[in-house]
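Report on one structure; see the data block that follows.
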Amino acid sequence: METNAPEKLEPAASIIDRFGGPEAVQEITGADRTRVYRWTQSKEKGGTDGFIPLKPAQKLWAYAKANGIEIPGDMFLSAKSGAEVAA
-16 METNAPEKLE PAASIIDRFG GPEAVQEITG ADRTRVYRWT QSKEKGGTDG FIPLKPAQKL
44 WAYAKANGIE IPGDMFLSAK SGAEVAA
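Taking the numbering used here, I'd label the letters of the sequence shown as residues -16 to 70.
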């Protein structure tokens, strides 16, 4: 079954999932939900190619440390497509 859903780029997609989804990340970072979604999209589609910008990334990192969420720091640094991560 084919889907027309856009591919979500890494590492943003996995990081967002680890924090409980876009709504949770929106609450933690104060970013608009559409902005959170765009972190998982290519630059051609108005996104950030899978990178989470520095200020929201810092907020997520601080939240993770304060709440016992394990997330490697280098996870914020490498951008890959979901297909590359699954391989």
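Positions of the beta carbon are idealized from the N, C-alpha and C atoms, including for glycine.
Status (buried if at least 16 other CB within 10 Å, exposed otherwise) for residue i
i       : result
Gly33   : buried
Ala(-5) : buried
Thr17   : exposed
Ala40   : buried
Leu43   : buried
Ala66   : In this prediction, Ala66 scores a pLDDT of 47, lower than 50, which makes its location untrustworthy; no coordinate-derived value is stated.
Gly29   : exposed
DSSP state of residue i mapped onto helix, strand, coil
i       : result
Leu60   : coil
Glu(-7) : strand
Gly65   : For Gly65, the predicted structure reports a pLDDT of 48, less than 50, and the residue's modelled location is therefore unreliable. A value from the coordinates is still provided. Helix.
Distance, residue j Cα to residue i Cα
i     : j       : result
Ile52 : Lys(-9) : 22 Å
Pro55 : Asp15   : 25 Å
Thr23 : Gly4    : 12 Å
Val19 : Glu10   : 11 Å
Can you list, in chain order, the stretches of the beta strand (DSSP E) that have 3 or more residues and sit fully within the segment -5 to 54? none
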